[in-house]
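Asks: Shown below is the structure under consideration.
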Amino acid sequence: MALNLVGVESFNLDKSIQRRGGCFPYTNAYPYSHSLAGMVGLGTAYAAWYTYSSPRALDITDAAAIAAMSASHFFLELPGHRHDVKVTPSTPRSQELGAGQFDSPASTFALEVAVFLSSLAFYAWRVPSVRQDTQKLLGVGAVLVAEQAMFSFGSAPTSEVRFVHAPIFLAQILGSCWLLGKLDS
117 MALNLVGVES FNLDKSIQRR GGCFPYTNAY PYSHSLAGMV GLGTAYAAWY TYSSPRALDI
177 TDAAAIAAMS ASHFFLELPG HRHDVKVTPS TPRSQELGAG QFDSPASTFA LEVAVFLSSL
237 AFYAWRVPSV RQDTQKLLGV GAVLVAEQAM FSFGSAPTSE VRFVHAPIFL AQILGSCWLL
297 GKLDS
């Protein structure tokens with residue numbers, strides 16, 4: 117989303133997708149942030165920055181985990197996205213991947229919620245302090261399920277993508293990250 121705001125990447129409202137009723141009614145041109153190579157590169161850069169700037173002692177294992185989690189987003193995109201997922205920024209259009217679940221809001225919602233809730237359950241199982249505060253855990257889960265419902269069943273608020281939709285999506289992503297961080301506090 118940040119690369120969209122500065123004009124390096126873009127996504128554009130597509131009225132034909134919007135009329136079909138699928139979620140995420142956009143055509144995409146974000147080869148750097150959403151290609152496997154781009155995710156690995158950006159994740160590695162972030163891991164290096166975080167490892168060296170964090171006041172906590174971190175090692176190569178921590179950095180590898182951060183980079184791997186960045187790359188994992190590529191594999192999570194495959195079932196949902198239309199054929200717009202690239203392996204490298206220069207992947208030809210004919211070789212782009214994606215199973216196209218975005219064209220079915222109900223299946224997108226079910227898939228995304230299943231992935232999220234199973235991940236949240238695994239995290240709670242591995243971190244006893246999170247598991248002990250069930251109200252906080254249920255609250256975080258409910259907010260994120262509501263966000264997914266907005267994504268899957270909501271519509272684009274305007275046709276202005278770069279300065280309206282991108283900041284809204286970015287705010288939701290950052291807000292979700294902040295909220296997930298509250299599980300540990």
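For what it's worth, our numbering labels the leading residue of the sequence shown as 117, then goes sequentially. C-beta atoms are modelled at their ideal positions from N, C-alpha and C, and glycine is treated no differently.
Looking at C-alpha atoms only, which residue of A237, V203 and D130 is the closest neighbour of Q211?
Replies: Numbered from 1 along the sequence shown, position 95 holds the residue referred to as residue 211. Of A237, V203 and D130, the residue nearest in Cα terms is V203.
Asks: Residue ranges of each alpha helix (DSSP H) run of no fewer than 4 residues wholly in the segment 183-242, ordered along the chain?
Replies: Listed in chain order, they are 221-242.
Asks: Tell me the DSSP secondary structure of T274 in three-state form.
Replies: For the purposes of this step, residue 274 is taken as the residue at position 158 of the sequence shown. Coil.
Asks: Is it buried or exposed for C293, if we count other Cβ within 10 angstroms and need 16 for buried?
Replies: Position 177 of the sequence shown, counting from 1, holds the residue named residue 293. Under this definition C293 is an exposed residue.
Asks: For S170 and L158, which I take to be in contact (beta-carbon distance under 8 Å), what is that distance rounded to the nearest angstrom?
Replies: Indexing the sequence shown from 1 puts residue 170 at position 54. Indexing the sequence shown from 1 puts residue 158 at position 42. No, S170 and L158 are not in contact; Cβ-Cβ is about 18 Å, not under 8 Å.
Asks: Could you check where the alpha helix (DSSP H) with L296 kicks off and where it finishes?
Replies: Numbered from 1 along the sequence shown, position 180 holds the residue referred to as residue 296. Residues A282 to K298.
Asks: On the DSSP bridge assignment, give the partners of N128 in chain order.
Replies: On the sequence shown, residue 128 is found 12 positions in, with the first residue counted as 1. Its beta-bridge partners are T143.
Asks: Pull up the DSSP beta-bridge partners for S151, would you.
Replies: Residue numbering aside, residue 151 sits at position 35 when the sequence shown is read from its first letter. Answer is K202, bridged to S151.
Asks: Evaluate Y168 with the Cβ neighbour count: other Cβ atoms within 10 Å of its Cβ, from every protein chain shown; 16 or more gives buried, anything less gives exposed.
Replies: Here residue 168 refers to the residue found at position 52 when the sequence shown is read from its first residue. The residue in question, Y168, is exposed, as its Cβ has fewer than 16 Cβ neighbours within 10 Å.
Asks: Quick check: L152 and A180, are their CB atoms within less than 8 Å of each other?
Replies: As a position in the sequence shown, residue 152 is number 36, starting the count at 1. As a position in the sequence shown, residue 180 is number 64, starting the count at 1. Not closer than 8 Å, so no.
Asks: Using 8 Å as the threshold, is the C-beta distance between L253 and A240 below it?
Replies: Against the sequence shown, residue 253 aligns to sequence position 137. Against the sequence shown, residue 240 aligns to sequence position 124. Yes, these two residues count as a Cβ contact at 8 Å.
Asks: What is the DSSP secondary structure of V261, counted as helix, strand or coil?
Replies: Walking along the sequence shown from the start, residue 261 turns up at place 145. Three-state result, V261: helix.
Asks: Whole angstroms are fine: how far does the CA of S245 sit from the CA of F267?
Replies: Mapped onto the sequence shown, residue 267 falls at position 151. Mapped onto the sequence shown, residue 245 falls at position 129. Roughly 30 Å separates the two Cα atoms.
Asks: Would the beta-carbon of K131 be found less than 7 Å away from any heavy atom of the ligand COA?
Replies: The ligand COA is not part of the structure shown, which contains no ligands of any sort.
Asks: Straight-line CA distance for F269 to F191?
Replies: Your numbering for residue 269 matches position 153 in the sequence shown. Your numbering for residue 191 matches position 75 in the sequence shown. Going by the C-alpha atoms only, they are around 23 Å apart.
Asks: Do the segment 273-288 and the segment 211-222 meet, that is, are 3 or more Cβ pairs less than 8 Å apart?
Replies: The segment 273-288, when compared against the segment 211-222, does not touch it at the 8 Å Cβ threshold.
Asks: Consult DSSP for D178 and reduce its assignment to one of helix, strand or coil.
Replies: Numbered from 1 along the sequence shown, position 62 holds the residue referred to as residue 178. Three-state DSSP puts D178 in a helix.
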